[in-house]
Structures are given as structure tokens and as C-alpha cells.
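Working notes, beginning with the structure itself.
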Amino acid sequence: MGDSQYSFSLTTFSPSGKLVQIEHALTAVGSGQTSLGIKASNGVVIATEKKLPSILVDEASVQKIQTLTPNIGVVYSGMGPDSRVLVRKSRKQAEQYYRLYKEPIPVTQLVRETATVMQEFTQSGGVRPFGVSLLVAGYDDKGPQLYQVDPSGSYFSWKASAMGKNVSNAKTFLEKRYTEEMELDDAVHTAILTLKEGFEGQISGKNIEIGMIGNDRIFKVLSPSEVEDYLQEAE
Amino acid sequence: MTRFEESAPVKGGFSFDLCKRNEMLVQKGLKPSSYLKTGTTIVGLVFRDGVILGADTRATEGPIVADKNCEKIHYMAPNIYCCGAGTAADTEAVTDMVSSQLKLHRFHTGRDSRVVTALTLLKSHLFSYQGHVSAALVLGGVDVTGPHLHTIYPHGSTDTLPFATMGSGSLAAMAIFESKYREGLTRDEGVKLVAEAISSGIFNDLGSGSNVDVCVITKGNREYLRNYMLPNLRTYVSEKGYSFSKKTEVLMTKITPLRELVEVNEGGDAMEE
Chain A
1 MGDSQYSFSL TTFSPSGKLV QIEHALTAVG SGQTSLGIKA SNGVVIATEK KLPSILVDEA
61 SVQKIQTLTP NIGVVYSGMG PDSRVLVRKS RKQAEQYYRL YKEPIPVTQL VRETATVMQE
121 FTQSGGVRPF GVSLLVAGYD DKGPQLYQVD PSGSYFSWKA SAMGKNVSNA KTFLEKRYTE
181 EMELDDAVHT AILTLKEGFE GQISGKNIEI GMIGNDRIFK VLSPSEVEDY LQEAE
Chain B
236 MTRFEESAPV KGGFSFDLCK RNEMLVQKGL KPSSYLKTGT TIVGLVFRDG VILGADTRAT
296 EGPIVADKNC EKIHYMAPNI YCCGAGTAAD TEAVTDMVSS QLKLHRFHTG RDSRVVTALT
356 LLKSHLFSYQ GHVSAALVLG GVDVTGPHLH TIYPHGSTDT LPFATMGSGS LAAMAIFESK
416 YREGLTRDEG VKLVAEAISS GIFNDLGSGS NVDVCVITKG NREYLRNYML PNLRTYVSEK
476 GYSFSKKTEV LMTKITPLRE LVEVNEGGDA MEE
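These protein sequence lines map, in sequence, to chains A and B.
Reading the first sequence from the start, the letters are residues 1 to 235 in the working numbering.
Reading the second sequence from the start, the letters are residues 236 to 508 in the working numbering.
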């Protein structure tokens, strides 16, 4: 990184004013597995498909939804290894913030710092942009929040959002189903139904992952059996 | 350009550049500024179901008691606590830093922290500062491998013991432990022995005093008994109170109300692409 031969940025402007590398990164995200998030009145839920390349893969060892702090969780669409790097950096930044201010990092601050890291990789020497978009779900003093961070480093606060394959269908479905007064359990059911829309094959507790945070402000990833319970309720 | 190299080894750290200058100044007669030392009696012992840590609560600045009720038992992890003797700032900073590192480690591995992990992080840090970080620690906790108790010296050496004492009151406390410790103590016996050892330090050592803090760590649970014993209460407080004669005349009284707070709504956190 930062070697003299690569001290120029690989992300350069095109004549039309676009950063082509970022466009391609977004394409990489768009071909990743669907993930979505819904902000309810009393919490946030994020969910993703967990399609493994073969039935021989030990699905219990794969966890796509990660905890950044006890009250903030994240899911990605796109390249898994890239998301690991971001998760690691975000956790460290959250911890550094806590060490300095002795206050748990607010969700917006963590999102901003993560987005800054992603932007740096679009303007530094010898590196490429991250091939992931993140959905950050958190609950702090400002209430439940859901943010999406893109490879360019831009971030948005959403009431409900989807990323990856099938994103337009999923978003249309969410637009129809979303209500402001939705509670967390309804949001989980809506999330499951949205995933089901574009799901190829039989949906089960083993090939989707759900993470949620409620008034207790503890982010947790549901176990496959808990997911099964919600699946049965949603039918 | 290389701002993302945070995870690469830091080239900073303590700079020893000014040490020669400081030595020269001391030789010329400049007195080094005083810092807050903890004096201290800190102890730890392993009992039947886990580990008990104890500490006094006096912080001294030379001959003056700077803090009559300071906290010397520091949190490292839900199952690991650390008592600190030496320079108060050093013990606070080093335990805080390692606690932070342990938290990140727990996130990455998804497992509870082990006492040896805290031990190794602390001793590597202290060793790399060659004893200039004046922190003498008693580290205790219970993890998957069982209860552990260690002492860590400012230069970075460690001991693993069934019972340990550190600080200026360590001899007074160790006298109690050596005569009364045995293996397989129950919780109540252990807490009583720890309190006795700390009291011995409080009453027999000038650098230790005030109250007794105790922390009991068992598998899956910990009890932080802040001010478990208060053997040095201020018994006599004058009922008359104190009166001070007024020396300054009031010429004029004027009340200026604070300005009204104006809220600026910036329109939320949305960003443009």
C-alpha cells in the first residue's frame, strides 16, 4: 500500500464526470446476495440471504450479520472479504471513540467514520474501492436508526432499504408494505416476506440470517431455530 | 495518502528524546514535578469457586492524601478485574487500554476473554516501556480454563500465585495471608481474609488508608463490593458549623437573564450522492 510505483490513485474521473471504478463497485454490490433493513417504531431489523456455494459448506460457521458494538449491527451485500475489513475497522473506531469520550459511539458517528474509510479508498494510491454496501442498524439515544453506506462513501438514513440482487423488486415491495407505526415483530415478518419474494428455492432458518435490535438496545443475531419460528408465523 | 495504515505498527509511542535533558536539569537543581502515587495495599487470592481481589482507597501525593476514596480495582472484562498500585495515571491508562483491546478481541473471536490474554497484553506493554510506566498490578479472573491470579511488576515480569499482595502495604497484608491462607476457602472466609489483609495494610502502612474495596469473581458472575468496609469514618462533625465573617461589601445586585436557546435544524443527516 502506498508503494512509490502506485502512489497515484487508481480511481480516476471519466470525461463524463463519473468515477468508473465506483460504478463498477456498485455493480459488484448489485450482483451480491440480497440484504435488506427495516426501521420500526421500536427497533430495527436487518436480514440477508445466506446462499452458500455448495451444500457441503458448514453453514453454521458462516455469519454475514456482525455486531459492531453492543447496540449497533451491520449486514452487507457484495464481497464478503471486503466487508470483514470494514467490520474490523469500524469496531476499532467505535472502541477508540469510547476510550476517548467514555460514551458509546452514536450510530451516526460510526456510520460517518466507516463512510470516511470507504471514501479514502477511492482517493488513495494503489488501492481499489470496497466492493460492498453496508446496512448499519443501531439504537441509541436518538432512537432506532438504519443507514446504508455505499462504496463511494456516501451514506443515507433509511426507513427501509434493500441492496444486492433483486433490489428493485424488494424496494417496491417494501414501499408498499412499510408503515411508520410498524412494530419490530411486524418488521421482521415484512423482512421475511420481502426476502421470500426473490428467493430461489425453499426458504428456511438455515439459508437466511436475521439480526434485530429493540428497546433493550442489544443487537442480536437470531439463531436458525428462532428464524424458523418467525418463518412459520409469517406464513 | 497513507491514512488507512492505522492497523500497521505505530511508529510513535513514548519518545525518550527528552530524558537526557531532564536528567541534566535535575543535576542542575530543578525539582521534578510531583505526581499522584497510590501508596496502596492491593491483594488477591484464589478461593474454592474463583478469585477475590481487594484494595484500599487512599491516593497520596507525597505526604498528602489526595483522594480518600479512590477506586483501585479496575474493570478489564466482565470476568477479569485488575488492582493497580504505583502511579495512579499509569495504572488507570494501562488497564483502560488493555480493557479496550480485550473488548475488540472478544468481538473478533466471539469468545470470553482469558486472564492470560490480559496478562500478556499488560506485560508486553510494560516491558516495552522498560519500567517507566510505573504500574504494579494484581490481575485476577475466572475464564474457561478456571480461576487465575497473577502479579505484574512495572518492568514486565509476572508471577502466578494462589495469593498475592502488592504496594507499600504489601508486607503487612502478606503477613496476614501467610498465616491464615489455606486452599479451598469458601466465599465468606475468603472475603473476610481479604478484608483483614487490606485492613492490616490500612492501619500499619502510611501509604494506605481509608476504606476497603472487594471484588469477588466466580464462574459467570462477579460482585464488585465498593467500600465493603469503612473502618475510618469521620466520627465527629461539629454541630455548630463554621461561620466566616464577611470581608467584602456588596455594592450592587443585578440579575441578567440567560439568552434564549435557539435551535438550528440542519435537516438531518442525509448526504447527497
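Glycine included, C-beta positions come from ideal geometry on N, C-alpha and C.
- Measuring only between beta-carbons, confirm whether A/E183 sits less than 8 Å from chain B. No, A/E183 lies away from the interface with chain B (no Cβ there is under 8 Å from its Cβ).
- Hey, how far is the Cα of A/R128 from the Cα of A/S152? Between A/R128 and A/S152, the C-alpha separation is close to 11 Å.
- Nearest-angstrom Cα distance between A/D216 and B/L337? Straight-line Cα distance between these residues: approximately 24 Å.
- Exposure of B/K489, with buried meaning 16 or more beta-carbon neighbours within 10 Å: A residue is called buried when at least 16 other Cβ atoms come within 10 angstroms of its Cβ; B/K489 does not meet this threshold and is exposed.
- Task: Can you tell me which of B/Y316, B/A324, B/R349, B/T386 puts its alpha carbon nearest to the alpha carbon of B/S369?
- Result: Comparing Cα-Cα distances from B/S369 to each of B/Y316, B/A324, B/R349, B/T386, the minimum goes to B/A324.
- Message: So with CB distances below 7 Å, who are the chain B contacts of A/E209?
- Response: What A/E209 touches in chain B, judged by beta-carbon distance under 7 Å, is nothing: the nearest beta carbon there is about 15 Å away.
- Task: Just grab the DSSP bridge partners of B/G381 for me.
- Result: For B/G381, which the question treats as bridged, DSSP gives the partners B/D378.
- With burial defined as no fewer than 16 other Cβ atoms inside 10 Å of the residue's Cβ, what is the status of A/T11: buried or exposed? Here A/T11 is buried. Its C-beta has 16 or more other C-beta atoms within 10 Å.
- Item | Nearest candidate by alpha-carbon position, reference B/L288, set B/K307, B/G274, B/K454 | Answer by Cα proximity: B/K307.
- Message: Between the alpha carbons of B/I315 and B/V377, how many angstroms are there, rounded?
- Response: Looking at the two C-alpha atoms, the distance is approximately 7 Å.
- Any contact of the region 428 to 448 of chain B with the region 472 to 488 of chain B, i.e. 3+ C-beta pairs under 8 Å? Contact check between the region 428 to 448 of chain B and the region 472 to 488 of chain B: fewer than three CB pairs, one atom from each, fall below 8 Å, which does not count as touching.
- Query: Under three-state DSSP, which class holds B/K482?
  - Reply: B/K482 falls in the coil class under three-state DSSP.
- Message: I'd like the ranges of any beta strand (DSSP E) spanning at least 3 consecutive residues and lying wholly in the region 433 to 481 of chain B.
- Response: As far as the region 433 to 481 of chain B is concerned, its whole beta strand (DSSP E) runs of at least 3 residues are 447 to 453, 456 to 464.
- Message: Looking at A/V45: is its Cβ nearer than 8 Å to the Cβ of A/A187?
- Response: The Cβ atoms of A/V45 and A/A187 sit closer than 8 Å to each other.
- Query: Does the beta carbon of A/E95 sit closer than 8 Å to a beta carbon anywhere in chain B?
  - Reply: Interface with chain B (8 Å Cβ-Cβ cutoff): A/E95 is included.
- Item | C-alpha distance - A/I22 paired with A/A162, whole-angstrom precision | In a straight line, the C-alpha of A/I22 is about 19 Å away from that of A/A162.
- Message: Just to confirm my understanding: we take B/V426, look at its own chain, exclude 5 residues before and 5 after, and list those with CB closer than 7 Å. What are they?
- Response: Closer than 7 Å at Cβ, skipping near neighbours: I287, V449, V451.
- Message: Which of the three DSSP states is assigned to B/H309 in this structure?
- Response: Secondary structure at B/H309: strand, using DSSP grouped into helix, strand and coil.
- Query: With 16 other CB atoms within 10 Å as the buried threshold, where does B/C317 fall?
  - Reply: By the neighbour-count rule (16 or more Cβ atoms within 10 Å), B/C317 is buried.
- Task: Identify whether A/I22 lies in helix, strand or coil by the three-state DSSP scheme.
- Result: In the three-state reduction of the DSSP assignment, A/I22 falls in the helix class.
- Query: Do A/V167 and A/V111 have their CB atoms nearer than 8 Å?
  - Reply: No, they are not a contact pair.
- Item | Whether A/P144 touches A/A28 by CB criterion (8 Å) | No, Cβ-Cβ distance for A/P144 and A/A28 is not below 8 Å.
- Message: As an exercise, report each continuous beta strand (DSSP E) stretch of at least 3 residues that is fully enclosed by the region 116 to 169 of chain A, in chain order.
- Response: Unbroken beta strand (DSSP E) stretches of 3 residues or longer found wholly inside the region 116 to 169 of chain A: 132 to 140, 143 to 149, 155 to 157, 160 to 163, given in chain order.
- From A/E95 to A/V85, what does the alpha carbon distance come to, in whole angstroms? Going by the C-alpha atoms only, they are around 16 Å apart.
- DSSP three-state call for B/L428: helix, strand or coil? Secondary structure of B/L428 (DSSP, three-state): helix.
- Message: Just verifying my parser: in three-state terms, what is the DSSP assignment at B/T237?
- Response: Residue confidence for B/T237 is low, a pLDDT of 43 falling below 50, so the modelled location carries little weight; the figure read from the coordinates is stated next. B/T237 sits in coil when the DSSP states are folded into three classes, being neither helix nor strand.
- Task: Going by DSSP, name the residue or residues bridged to A/E209.
- Result: The partner list for A/E209 (beta bridge, DSSP) reads A/T48.
- For A/G205, which residues from the same chain have a beta carbon less than 7 Å from its beta carbon, with the 5 sequence-adjacent residues on both sides left out? Cβ neighbours of A/G205 within its own chain (closer than 7 Å, five residues either side excluded): P224, S225, V227, E228, L231.
- Message: Between the alpha carbons of A/R99 and B/A312, how many angstroms are there, rounded?
- Response: Looking at the two C-alpha atoms, the distance is approximately 14 Å.
- Message: On the criterion of 16 or more Cβ atoms from any shown chain inside 10 Å, does A/K92 qualify as buried, or is it exposed?
- Response: The C-beta of A/K92 has 16 or more other C-beta atoms within 10 Å across all chains shown, which makes the residue buried.
- Since B/L317 sits in a beta bridge, which residues does DSSP pair it with? It is Cys, not Leu, that sits at residue 317 of chain B in the sequence shown. Within the DSSP secondary-structure output, B/C317 pairs in a beta bridge with B/H309, B/L374.
- Message: Does A/L231 come out as helix, strand or coil in the three-state DSSP assignment?
- Response: Here DSSP, grouped into helix, strand and coil, assigns A/L231 to helix.
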